[in-house]
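A.B. asks: Residue numbers (this note's numbering): 6 to 105.
Using N, Cα and C, we set each Cβ at its ideal position, and we do this for glycine too.
Every value quoted in this text rests on a predicted model; they were computed, and no experiment measured them.
Starting off with a structure, shown below.
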Amino acid sequence: GSRKPLTLTFRFRTLPPPSPTALFLDIVLLLSKSFIITAIVGSMGFSLLMYPNNWVILAQFHQPSEQYGQLMSVADIIGYHYVRTSMPEYIRIIERGTMR
Numbered sequence: 006g007s008r009k010p011l012t013l014t015f016r017f018r019t020l021p022p023p024s025p026t027a028l029f030l031d032i033v034l035l036l037s038k039s040f041i042i043t044a045i046v047g048s049m050g051f052s053l054l055m056y057p058n059n060w061v062i063l064a065q066f067h068q069p070s071e072q073y074g075q076l077m078s079v080a081d082i083i084g085y086h087y088v089r090t091s092m093p094e095y096i097r098i099i100e101r102g103t104m105r
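Laid out in structure tokens, this is it:
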């Protein structure tokens, strides 16, 4: 299992109420009857409707904080202090010096 700090996980109760984002995609498909138009117009509407819903959850990480004389967000501080124990695969490939 993943061992992440609680500040990096979302509980079920913090999720926003269901939004009309998926319904927007369905309505665009119903009106246009075209998958291409749904992909273009529906994806833009989906993202514009999803942003305010996620802002409720993620606003706490955008709070400014001063640490060591620098002004940064709480998300930046969590990212700096969260120890990632494994090295990404692409760094291993580069360090080994082989071409794939």
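1) Hey, would you say Gln-72 sits closer than 7 angstroms to Ile-82, going by beta carbons?
2) Could you please give the first and the last residue of the uninterrupted alpha helix (DSSP H) stretch that includes Ser-48?
3) Can you tell me whether Val-61 is buried or exposed, with buried defined as 16 or more other CB within 10 angstroms of its CB?
4) What residues in its chain sit with their C-beta under 6 angstroms from that of Gly-47, if we drop five residues either side in the sequence?
5) How big is the Cα-Cα spacing for Ser-52 and His-86?
6) Less than 7 angstroms between the beta carbons of Leu-63 and Thr-26, yes or no?
7) Kindly indicate the opening and closing residues of the beta strand (DSSP E) around Ser-78.
C.D. replies: Concretely, from the data shown:
1) yes
2) 48 to 63
3) exposed
4) Leu-30, Val-33
5) 30 angstroms
6) no
7) 75 to 78
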